[in-house]
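Protein chains: 2
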Amino acid sequence: MRSLRKTVLLAILVSVVLVLALLHSWPTRTYTTVDVWQRPGPSVERHLEERLPELDHRLSNIPFHVRDSVASLLARNGCICEGESGGVNLPFAQLLFPRVSAHPLHTAFEASELEEMKRRRAKEYKSFQKRSKTPADVLIIAEANSPLQYPTQGVEVRPLKTIIIPGLALHDLPRDHYSINITATLGTLNVAAEVDGVKIKGDGEMHMSLSSSLLPNLNRQLQFVTYTNTLFHPSTADTVQFETEGHQAVFSVKIRHGVTPKLYNTGSKGDYNVSALVTIATKTFLRYDKLQDLIDSVRRYYPTVTIVIADDSENPKTMSGPYIEHYIMPFGKGWFAGRNLAVSQVTTKYVLWVDDDFIFTANTKLEKLVDVLEKTTLDLVGGAVREATGYTATYRQTISIEPGEEDGDCLHMRRGFHHVIQGFPNCVVTDGVINFFLARTDKVQQVGFDPRLARVAHLEFFIDGLGSLHVGSCDDVIVNHATKIRLPWVSQSESDKTYAKFRYPPASSDATHTKNGLLFFKNRFQCLTRN
Amino acid sequence: MRSLRKTVLLAILVSVVLVLALLHSWPTRTYTTVDVWQRPGPSVERHLEERLPELDHRLSNIPFHVRDSVASLLARNGCICEGESGGVNLPFAQLLFPRVSAHPLHTAFEASELEEMKRRRAKEYKSFQKRSKTPADVLIIAEANSPLQYPTQGVEVRPLKTIIIPGLALHDLPRDHYSINITATLGTLNVAAEVDGVKIKGDGEMHMSLSSSLLPNLNRQLQFVTYTNTLFHPSTADTVQFETEGHQAVFSVKIRHGVTPKLYNTGSKGDYNVSALVTIATKTFLRYDKLQDLIDSVRRYYPTVTIVIADDSENPKTMSGPYIEHYIMPFGKGWFAGRNLAVSQVTTKYVLWVDDDFIFTANTKLEKLVDVLEKTTLDLVGGAVREATGYTATYRQTISIEPGEEDGDCLHMRRGFHHVIQGFPNCVVTDGVINFFLARTDKVQQVGFDPRLARVAHLEFFIDGLGSLHVGSCDDVIVNHATKIRLPWVSQSESDKTYAKFRYPPASSDATHTKNGLLFFKNRFQCLTRN
């Protein structure tokens, strides 16, 4: 019995040892930690700025004469909130000679809350800057007379993947020994192939050296240098240093996923199939009669196009019918909330925005607008809206932002456009248009209509779209506007009165949700000028 | 009388002449036309590719030995749709040793429609490429031993504005005469100041020359060279050529508006005010009992946080209560349509996504998730969902795209994460998480939930977010999942049966609106591999 017990104990002991050995050798993936805290930029950025050429200072005693016509076009330090002064003060002066007016935006806030708002805005802006700055935007100056050849633009790697760095070479004067160093910060360097006569040190690390007594061999080796991203980030850039004795070059390797396309099915081939390509979107509030007129007019020309309706009326009616999608919102939730809702539901390539009091006519040829977006790089194209009087408006606006300092930027809006579009003589390129437009669904959804804007708002969408949307406007596609003229002998209906109360409201309680409060806080503007 | 008539005629003649003169001199703004058609890239791009150094070919006779460990990491030409073969075929093998499976995506389509789908997809993709390519991504190699000094990165101008081009200089050997040329294509060149002894030609045009016999004077003049964008585009780059005899350099000037911030008010200072910072969003369908359980559980811990509910049930019940926003959709409109609707209505800095059958507990500390997003550059952080069994899931997924050729790209999804987050030991960086997450509202709205996905879908949101969203996951913030286990003795309610019919549906009629059809068409994938 005793020997049996001993054997059993021994067997148990051996098993335990084996299990421990197995656990020990089990391949574990080591996950390095990553620092994603919102901190100031890496030291490389500061290092670069110190390296701006010394030559600048040696030339400072050579005199120059300022050319005002050009120098006045350069951005100033900060922006000033001013309009145009003077001008003729006649009754119709503003119509004939629209003057530029300037609106300081801090006035959206009570004096008592302004300091707190500025403090919060500055804090949010600082975080935003840390999240949106990338090393790929830092100024880099290429040194003259450097024997180094290297790529200055266009080097990209997908996160955690490997590429060959193109274009590296050394064109040095003859010498006994040639060597280069290459250093990265978010990845490692290596070689995809080895060339005889070249000594490699630090391959697989963040700092690699190559040296040889034969320059052609070193250059052949340089054709096989690889970069592997090891510190994960979905969209950033690594600043790579490439050096030889006495010379240093710096370039960026962009680290990002490619741009994934978001394509839409277009329906049968041949002519433009408007029902397959376009969804009509609108928002309604207490105006079912006008809404029904709109729908009836659309159906005369486009019987099967889908119409999406966002509705925040108090006692919503059921709107039904083929190709009608009706969405009910909390009462009075708001104008831009409704617009954002409607476009969020669109599944076709294009979305046509209409107001609920528009009327389609024989001049409302959507195929023309589709043609513009199919053939150009525009993302959105506005049409024209005809009032009962016959007056037709396209409401074209150009928008620009002048950078400011701590007080914020200045927003400038002017009536007009930039250029006529080649091949479409009735169409122009601009930045903002009237509320009748066809647009790429994915671009409109990406920009969005800020649901914080509950009541009056229009150009805020185009301000949010600056830089993302390529905007056009054509004056030969026209929709009618059901009359807004209040005839004195026609009494206002109850719903008309409630509508007016919401449409033209008194000041809101939450100042950052008003138009000017939002421009001040959300977009960090200090001033708006317009004509 | 005759002389009077003469005077009148003379007066009329003079007036006519004056009016004509006035009209003639009326300042008219000349609008140049702009070509925004979808055409192949400018000739400069092809020109650059031809200029890749000749040296490459002279070295081709120097032999090399491939280093497989590195060369195998490089992208292949096209991607192959294959999973892992072999492996143990035991009952729980997939759980313990998850094998990678590969899914060709063209199978979403009937054989009869596949060719047409491929044709349409290729056409849409071609347009997409023309719209998204920018000269700022083209490969540029800096020439070695060039006397030219110039900026290689970081030069930006707002559309139609003017900047000084920084860092231009000539470091030539002594000679009698020095000259440089500078050429742009989307703007004009000029000087902000004039320096004695320098001859300027072509200032104000697209091609400008500067020459001098004094090198310091030429370099001083080069400090004042300006670029003015004249051809409007909201987001592009001009490729500028800078030359002197025997040498040429090329660099990009980015033409774009700055990134306009989209900041949110955060409520009173001090500790995290969850009601001011967070809105809870969910979608419901035929499960009002579960939805009410969710709401009740939320209210125990967060009595005033706003809950947005998108509801596409057949006979929607009225959901009311303080801080409840209930949206009614067309019946069965769909899962991602509902998600897109709900997030489109959020007005706070963060949005918390929950499914309608979650239950908040004392472990559901939203403040922890807010802390992560406030302190890091993450855009979204997932939590953990605990089943009735006690099993808690974070569903972390890494996602990468391998570029393919005409057939499309390959999408690779693997369980796991990239790194642990410094300072947050319970949190990691990954690409996809479970359906319980806190995120920046502006980023989620920008990515969106594609309303074409009517039924089952989850990671499609993270695929669409690749490159935009910096995603994290923490396992110490836990929400409970109301049980899904169907106990055999409990009969299924009517609404449960209808729910099951929609939740686990047969194949859809529109193939591009199925999960695989959408990956194939919209995102241009040919293959999905996952484990």
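Just so you know, the sequences run in chain order W and Z. Letter 342 of the first sequence, counting from 1, is numbered 342 in full-length UniProt numbering, and no numbers are missing. Letter 493 of the second sequence, counting from 1, is numbered 493 in full-length UniProt numbering, and no numbers are missing. A virtual CB, placed ideally from N, CA and C, is assigned to each residue, including glycine.
Check: Proximal residues of chain Z, C-beta to C-beta of residue 263 (chain W) below 7 Å; Outcome: 121, 124, 125, 128, 521, 522, 524
Check: Exposure of residue 425 (chain Z), with buried meaning 16 or more beta-carbon neighbours within 10 Å; Outcome: exposed
Check: Residue burial classification, residue 151 (chain Z) (beta-carbon count within 10 angstroms, cutoff 16); Outcome: buried
Check: Proximal chain W residues relative to residue 327 (chain Z), where beta-carbon distance stays under 8 Å; Outcome: 327, 328, 329, 330, 341
Check: Span of the alpha helix (DSSP H), counted from its first residue to its last, around residue 373 (chain Z); Outcome: 366-375
Check: Residues bridged to residue 253 (chain W) (per DSSP); Outcome: W:238
Check: Span of the alpha helix (DSSP H), counted from its first residue to its last, around residue 611 (chain W); Outcome: Here chain W has residues from 1 to 531 only, and residue 611 (chain W) is not among them.
Check: CA nearest to the CA of residue 364 (chain W), picked from W:297, W:347, W:79, W:277; Outcome: W:297
Check: Span of the alpha helix (DSSP H) around residue 130 (chain W); Outcome: 111-132
Check: Assumed close pair residue 274 (chain Z), residue 224 (chain Z) - CB separation to whole angstroms, cut-off 8 Å; Outcome: That belief does not hold up - the Cβ atoms of residue 274 (chain Z) and residue 224 (chain Z) are roughly 55 Å apart, past 8 Å.
Check: Residue environment, residue 9 (chain Z), which counts as buried when at least 16 other CB atoms sit within 10 Å; Outcome: exposed
Check: Start and end residues, alpha helix (DSSP H) containing residue 201 (chain W); Outcome: That residue, residue 201 (chain W), is in no alpha helix (DSSP H); its beta strand (DSSP E) goes 198-201.
Check: Residue 210 (chain Z) classed as buried or exposed, judged by whether at least 16 other C-beta atoms fall within 10 angstroms; Outcome: buried
Check: Segments assigned beta strand (DSSP E), at least 3 residues, entirely inside the region 311-386 of chain Z; Outcome: 324-328, 350-353, 380-386
Check: Euclidean distance between Cα positions of residue 369 (chain Z) and residue 381 (chain Z); Outcome: 7 Å
Check: Sufficient close CB pairs (3 or more, under 8 Å) joining the region 229-249 of chain Z to the region 136-148 of chain Z; Outcome: yes
Check: Which residues DSSP lists as bridging residue 445 (chain W), in chain order; Outcome: Per DSSP, none; premise fails for residue 445 (chain W).
Check: Residue interval of the alpha helix (DSSP H) (run including residue 460 (chain Z)); Outcome: 460-464
Check: Residue 421 (chain Z) and residue 483 (chain Z) closer than 8 Å at C-beta; Outcome: no
Check: Per DSSP, cross-strand counterpart(s) of residue 427 (chain Z); Outcome: Z:474
Check: Range covered by the alpha helix (DSSP H) that runs through residue 289 (chain W); Outcome: 288-301
Check: Helix, strand or coil at residue 440 (chain Z) [DSSP, three-state]; Outcome: strand
Check: Within-8 Å CB hit, residue 252 (chain W) to chain Z; Outcome: yes
Check: Exposure of residue 311 (chain W), with buried meaning 16 or more beta-carbon neighbours within 10 Å; Outcome: buried
Check: Beta strand (DSSP E) runs wholly inside the region 181-220 of chain Z, at least 3 long, in chain order; Outcome: 187-191, 198-201, 207-212
Check: Opposing strand residues paired with residue 402 (chain W) [DSSP bridges]; Outcome: W:410
Check: CA nearest to the CA of residue 180 (chain Z), picked from Z:246, Z:186, Z:313; Outcome: Z:246
Check: Residue 142 (chain Z) - containing beta strand (DSSP E), residue span; Outcome: 140-142
Check: Own chain, CB closer than 8 Å to residue 511 (chain Z), minus 5 neighbours either side, in chain order; Outcome: 108, 109, 110, 113, 117, 517
Check: Residue 6 (chain Z) versus residue 531 (chain W): straight-line alpha-carbon distance, rounded; Outcome: 46 Å
Check: Residues near residue 214 (chain Z) by beta carbon distance below 7 Å, same chain, minus five either side; Outcome: 197
Check: Bridge partners - residue 435 (chain Z), DSSP secondary structure assignment; Outcome: DSSP, once it has assigned bridges, lists no residue as partnering residue 435 (chain Z).
Check: Touch test, the region 442-449 of chain Z against the region 399-410 of chain Z, Cβ-Cβ under 8 Å, three pairs minimum; Outcome: no
Check: Assigned secondary structure, residue 259 (chain Z) (DSSP; H/G/I helix, E/B strand, else coil); Outcome: coil
Check: Contact with chain W by residue 256 (chain Z), beta-carbon distance below 8 Å; Outcome: yes
Check: Closer than 8 Å to chain Z by CB, residue 163 (chain W); Outcome: yes
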